[in-house]
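The sequence shown maps to residues 90 to 202 in the working numbering. Ideal Cβ positions, reconstructed from N, Cα and C, are used throughout, including at glycine.
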Amino acid sequence: MKRDANYTGNKGGEATKAERLAHCERVAWTCPYCGTDLRSVRVAIDHVKPQYAGGKKGPNNQVACCLSCNSSKQAKSLQAFAEAKGDAEIVKRVKRATARKLDVARAKSLLSK
Ligand SMILES: [Zn+2]
90 MKRDANYTGN KGGEATKAER LAHCERVAWT CPYCGTDLRS VRVAIDHVKP
140 QYAGGKKGPN NQVACCLSCN SSKQAKSLQA FAEAKGDAEI VKRVKRATAR
190 KLDVARAKSL LSK
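Structure below.
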């Protein structure tokens with residue numbers, strides 16, 4: 090398994106390797122904000138609703154994205170970031186992704202191969 094080579098160790102190491110892999114699988118290895126192939130860039134786990142704004146920890150409020158989008162999104166809300174990027178589809182893509190189950194068990198089995 091080389092696919093996890095681009096992970097950037099989430100700040101503070103909150104997410105395990107399996108969780109990060111599951112996050113990437115959940116967005117089909119495509120940044121929901123800009124469409125970049127996450128296999129070719131550094132990956133971050135973004136809090137869709139920023140934590141300072143009351144966003145919760147946990148997969149329903151987290152989505153894998155490229156480090157570049159994560160850096161430029163910063164503390165913006167999802168709507169504000171979509172507007173800043175001029176792409177209303179971002180909101181739909183992120184909501185679709187976070188509605189899916191985060192399959193950590195499957196990711197663990199992939200990692201053990
Ligand atoms: Zn991106």
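Each of Cys120, Tyr122, Cys123, Thr125, Cys154, Cys155, Ser157 and Cys158 has a C-beta closer than 6 Å to some heavy atom of ligand 1; these make up the full list, in chain order. One Cα belongs to Ser201, the other to Arg109, and the distance between them is close to 15 Å. Relative to Asp135, the option among Ala177, Pro121 and Thr125 whose CA is nearest is Pro121. Boundaries of the beta strand (DSSP E) around Val152: Gln151 to Cys155.
Thr105 carries a coil assignment under DSSP once its states are collapsed to helix, strand and coil.
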